[in-house]
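**Q** Going down the list, the protein sequences come from chains G and B. Per this note's numbering, the first sequence starts with residue 39, numbered consecutively. Per this note's numbering, the second sequence starts with residue 271, numbered consecutively. Here it is, the structure in full.
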Amino acid sequence: KNEVEQSPQNLTAQEGEFITINCSYSVGISALHWLQQHPGGGIVSLFMLSSGKKKHGRLIATINIQEKHSSLHITASHPRDSAVYICAVSLNDMRFGAGTRLTVKP
Amino acid sequence: NAGVMQNPRHLVRRRGQEARLRCSPMKGHSHVYWYRQLPEEGLKFMVYLQKENIIDESGMPKERFSAEFPKEGPSILRIQQVVRGDSAAYFCASSPQGAYRTDTQYFGPGTRLTVL
């Protein structure tokens, strides 16, 4: 069993829909990261959080330390949000989930 | 402020050759991390370096792989005697001074290594 599990693996949505991607982990962590990998391969760090909730534009990330669970939400999704979203946890190194491939159709 | 730079972006090598991948961190960042993404697989941590020091190389294969981050110049990931299984995207990330565990990391565009 992977230490970082993401669901779903693949997600297709219509433009404008509210999207949720989930991440569960089984190890102790100092921080949890959400990354976005574009179709061209580049990686952008979206959030780093160790408690509570963070918001940036249409993106919201939450974490529940007791339940070892985090969610990434995208409001009013747009085709340009299509990418692979990766959850990662850090303590002494970084452990990555397998990613969620999101496709937003116009 | 330029982002993390990696070069080359694409590298083709024949089996047995050496591959050198370079990473220039963001200005002011003294922490560098290397990750590998095998085809159809997730990212895997390889090594964490500070200037002139390897902090954690627990993710590095025991043979043929080495990394350095000299006082001057970019960080180098070196793969000797490459094999087809080394074909992957290699990403570098950097972070400003501070605890590795809680720093936001800024990723480079990656180097795609193809071994023929």
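For every residue, glycine included, the Cβ atom is placed at its ideal position computed from N, Cα and C. Computed from a predicted structure; not experimentally measured.
Check whether chain G comes within 8 Å of residue 366 of chain B, counting only Cβ atoms and requiring the distance to be less than that.
**A** For residue 366 of chain B, the answer is no, since every Cβ of chain G falls outside 8 Å of its Cβ.
**Q** For residue 382 of chain B and residue 360 of chain B, what's the separation of their Cα atoms in angstroms?
**A** Looking at the two C-alpha atoms, the distance is approximately 6 Å.
**Q** Alpha carbon to alpha carbon, how far is residue 358 of chain B from residue 350 of chain B? Give it in angstroms, no decimals.
**A** Approximately 15 Å between the Cα atoms of the pair.
**Q** Indicate whether the contact test is met: 3 or more Cβ pairs, each with one atom in the region 39 to 47 of chain G and one in the region 93 to 109 of chain G, closer than 8 Å.
**A** Result no; under three Cβ-Cβ pairs closer than 8 Å.
**Q** By Cβ distance, which residues of its chain are closer than 6 Å to residue 143 of chain G, with the 5 residues on each side in sequence left out?
**A** Correct list, in chain order: 52.
**Q** Smallest Cα separation from residue 65 of chain G: which of G:134, G:123, G:79?
**A** Checked all of G:134, G:123, G:79; the closest Cα to residue 65 of chain G is G:134.
**Q** Give the straight-line distance between the Cα atoms of residue 380 of chain B and residue 306 of chain B, rounded to the nearest whole angstrom.
**A** About 9 Å.
**Q** Please report how far the alpha carbon of residue 302 of chain B lies from the alpha carbon of residue 63 of chain G, in whole angstroms.
**A** Spanning the two alpha carbons is a distance of roughly 25 Å.
**Q** In terms of alpha-carbon separation, which member of G:119, G:116, G:123 lies closest to residue 313 of chain B?
**A** Considering only alpha carbons, the answer is G:123.
**Q** Going straight from the alpha carbon of residue 291 of chain B to that of residue 304 of chain B, what length do you get?
**A** Rounded to the nearest angstrom, the two C-alpha atoms are 10 Å apart.
**Q** Assuming residue 75 of chain G contacts residue 67 of chain G (C-beta within less than 8 Å), just tell me the rounded distance between them.
**A** In fact, because the Cβ distance is near 21 Å, the residues do not count as touching under 8 Å.
**Q** Chain B partners of residue 121 of chain G, CB-CB under 8 Å?
**A** Residues of chain B passing the Cβ test: none, with the nearest at roughly 13 Å.
**Q** How is the beta strand (DSSP E) around residue 374 of chain B delimited, first residue to last?
**A** Here residue 374 of chain B belongs to no beta strand (DSSP E), and DSSP marks it neither H nor E.
**Q** Look at the Cβ atom of residue 298 of chain B, then the Cβ atom of residue 376 of chain B, and state whether they are nearer than 8 Å.
**A** In this structure, residue 376 of chain B does not lie closer than 8 Å to residue 298 of chain B by Cβ.
**Q** Please determine whether the Cβ atom of residue 99 of chain G lies at a distance below 7 Å from any heavy atom of the ligand GDP.
**A** Although the ligand GDP was asked about, the structure shown includes no ligands whatsoever.
**Q** Skipping 5 residues on each side, what residues in its chain have a beta carbon closer than 6 Å to that of residue 384 of chain B?
**A** Hits under 6 Å: 282, 357.
**Q** At a CB distance below 8 Å, what residues from the region 65 to 93 of chain G approach chain B? Give them in sequence order.
**A** Correct list: 68, 69, 71, 73, 79, 80, 81, 82, 83, 86, 88.
**Q** Do residue 108 of chain G and residue 73 of chain G have their beta-carbon atoms positioned less than 8 Å apart in this structure?
**A** Taking 8 Å as the Cβ cut-off, residue 73 of chain G and residue 108 of chain G do not qualify as a contacting pair.
**Q** Residues in the same chain with beta-carbon distance under 6 Å from residue 91 of chain G, minus the five sequence neighbours each way, listed in chain order, please.
**A** 100, listed in sequence order.
**Q** Which value, in whole angstroms, describes the spacing of the CA atoms of residue 111 of chain G and residue 84 of chain G?
**A** Those two C-alpha atoms are separated by around 12 Å.
**Q** Within 10 angstroms of its Cβ, does residue 378 of chain B collect 16 or more other Cβ (buried), or is it exposed?
**A** Flag for residue 378 of chain B reads buried.
**Q** Using a beta-carbon distance below 8 Å, is residue 51 of chain G in contact with chain B?
**A** So, not an interface residue.
**Q** Output, in chain order, the set of chain G residues within a Cβ distance shorter than 7 Å of residue 375 of chain B.
**A** Correct list: 83.
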